[in-house]
Amino acid sequence: MGHLDHATFGWLTPLLSYAMACIGSALGLSCTVRALETTGRSRRNWLITAASAIGSGIWTMHFVAMLGFGVYGTDIRYDAPLTFLSLLGAMVVVGGGVLAVGYSRDRTRALLLGGFATGLGVASMHYLGMTALRLHGTIHYDPLRVVLSVVIAVIAATAALWAALNIKSPRAVALASLVMGAAVSSMHYTGMLAVTVRVAPSGSELHGATAMQFIFPLAVGLGSYLFLTSAFVALSPTARERAAYVSAERTGTSAGTQPSAAGPARRGPDIRARRAVRTPDDSPASTP
Numbered sequence: 031m032g033h034l035d036h037a038t039f040g041w042l043t044p045l046l047s048y049a050m051a052c053i054g055s056a057l058g059l060s061c062t063v064r065a066l067e068t069t070g071r072s073r074r075n076w077l078i079t080a081a082s083a084i085g086s087g088i089w090t091m092h093f094v095a096m097l098g099f100g101v102y103g104t105d106i107r108y109d110a111p112l113t114f115l116s117l118l119g120a121m122v123v124v125g126g127g128v129l130a131v132g133y134s135r136d137r138t139r140a141l142l143l144g145g146f147a148t149g150l151g152v153a154s155m156h157y158l159g160m161t162a163l164r165l166h167g168t169i170h171y172d173p174l175r176v177v178l179s180v181v182i183a184v185i186a187a188t189a190a191l192w193a194a195l196n197i198k199s200p201r202a203v204a205l206a207s208l209v210m211g212a213a214v215s216s217m218h219y220t221g222m223l224a225v226t227v228r229v230a231p232s233g234s235e236l237h238g239a240t241a242m243q244f245i246f247p248l249a250v251g252l253g254s255y256l257f258l259t260s261a262f263v264a265l266s267p268t269a270r271e272r273a274a275y276v277s278a279e280r281t282g283t284s285a286g287t288q289p290s291a292a293g294p295a296r297r298g299p300d301i302r303a304r305r306a307v308r309t310p311d312d313s314p315a316s317t318p
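Going by this note's numbering, 264 is the number at position 234 of the sequence shown; the sequence numbering is gapless.
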């Protein structure tokens, strides 16, 4: 039985993976808030962006956490097509749940069904990513812990969709993203605790890529995507933010154009006094 290490780099990979889950959740929630304020094509585009942000955040969390996974007695490689297929799967299943909630009239039913389907999809993404592992040995799972990880995934997905429907303010979005990041991380590490590996030493070469070989495309591709999405969200204020801006503009304009109370009160009597007291020079010239 091989000894498993889930944090070969110490606390670096757990903390970094948690941060990525929080970033993806925050972007997804922000996009969903904007989607529910619009209709038509704009709503669809915002929901698709939300699904891709949440899905890529969850997948990145999984992959970064796997950077710290090691098995004593064997090297580890990853099948590249399966790894990227798990990313696509995460986006698709999250997209299904987000679109169902965004367009359904019965939001309670859509929330429950969408949360269940999305949670199963997130768990499937995790275990599909695990099938991409290549090592000298065989991987076994504890069924009870697998079921527990799926339950956590369903709860996390339902909470995410609920937050997307009910949370509006930036502070609430930030708090919800921290909670969602913790839930997604808990699902991942619960699933990893279900893993046992029976190592079979071999001199044959493992096929696939090392985790470090994914770092550059991951940093350039997903990093650029998350940055551009963040910029797009920042440049697209919500209806509440626009209303607050307009209100502040009107308040400032009113304060700037309101006449001074002392001005007219002082000028009125002075003008009347000057008109009442006229000097001979001020009188009209008489005709000869």
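Ideal Cβ placement from N, Cα and C applies to all residues, glycine included.
{"query": "If you run the structure through DSSP and keep just helix, strand and coil, what is His170?", "result": "strand"}
{"query": "Considering just the uninterrupted stretch of the alpha helix (DSSP H) at Tyr255, what are its terminal residues?", "result": "Gly253 to Ala264"}
{"query": "Distance, Cα to Cα, Gly145 vs Val176?", "result": "18 angstroms"}
{"query": "Taking only three categories from DSSP, how would you classify Ile106?", "result": "strand"}
{"query": "In angstroms, rounded to a whole number, what distance separates the CA positions of Leu191 and Leu236?", "result": "40 angstroms"}
{"query": "For the beta strand (DSSP E) that Arg228 lies in, which residues bound it at each end?", "result": "Val225 to Val229"}
{"query": "Is Ala51 near Gly238, with beta carbons less than 8 angstroms apart?", "result": "no"}
{"query": "Checking 8 angstroms against the spacing of the C-beta atoms, do Leu59 and Ala261 come in under that value?", "result": "no"}
{"query": "DSSP state of Arg164, grouped into three classes?", "result": "strand"}
{"query": "Return the Cβ separation of Ser86 and Gly119 in integer angstroms, given the expectation that the two are a contact with Cβ distance under 8 angstroms.", "result": "No, Ser86 and Gly119 are not in contact; Cβ-Cβ is about 12 angstroms, not under 8 angstroms."}
{"query": "CA-CA distance, Gln243 and Thr69?", "result": "42 angstroms"}
{"query": "Given that a residue counts as buried once 16 or more other Cβ atoms are within 10 Å of its Cβ, and exposed if not, what is Trp41?", "result": "exposed"}
{"query": "CB-CB under 6 angstroms to Ala194, same chain, minus the five flanking residues each way: which ones, in chain order?", "result": "Leu59 and Thr62"}
{"query": "Just the C-alpha distance for Ala241 and Trp76, rounded to the nearest angstrom, thanks.", "result": "32 angstroms"}
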